[in-house]
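K.L.:
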Amino acid sequence: MDCTVIEHESHVRVPETSNWLSALGRRLLRRVSEWDRLDLEGMPDRVKRDLGFLDGREPRFDKEFWQ
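By our numbering, the letter at position 21 of the sequence shown is numbered 26, and the numbering carries on one by one without gaps.
Quick look at the structure:
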C-alpha cells in the first residue's frame, strides 16, 4: 500500500523591513568580528612564546595553508 503526498510550493514574500534588518545585522557582525584580531605588538614575549610565535619558524599564512 502506497501513500502519495502532494506538496504545494508556497512563495512567501519577505517584508522589506526584514531584508533591511538582515543587511544591518550582517554589517554589524562584520564590524564586531574585526575586533577579534590578535595584537602581537602589544603582547609580552612570554605570551608570544607560549602561543608558539617565538619558536624559530616562519609564520604560516592562510594562502600557503590552503594550497
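A virtual CB, placed ideally from N, CA and C, is assigned to each residue, including glycine.
These numbers come from a predicted model, not from an experiment.
By the DSSP assignment, the alpha helix (DSSP H) with V52 in it spans what residues?
P.N.:
From DSSP, the alpha helix (DSSP H) with V52 extends over D50 to L56.
K.L.:
Pull up the CB-CB distance for K53 and L43, whole angstroms please, since I reckon it's below 8 Å.
P.N.:
At roughly 10 Å, the Cβ-Cβ gap does not stay under 8 Å, so K53 and L43 are not in contact.
K.L.:
If we ignore side chains and look at the alpha-carbon of each, how far apart do N24 and V37 end up?
P.N.:
Approximately 20 Å between the Cα atoms of the pair.
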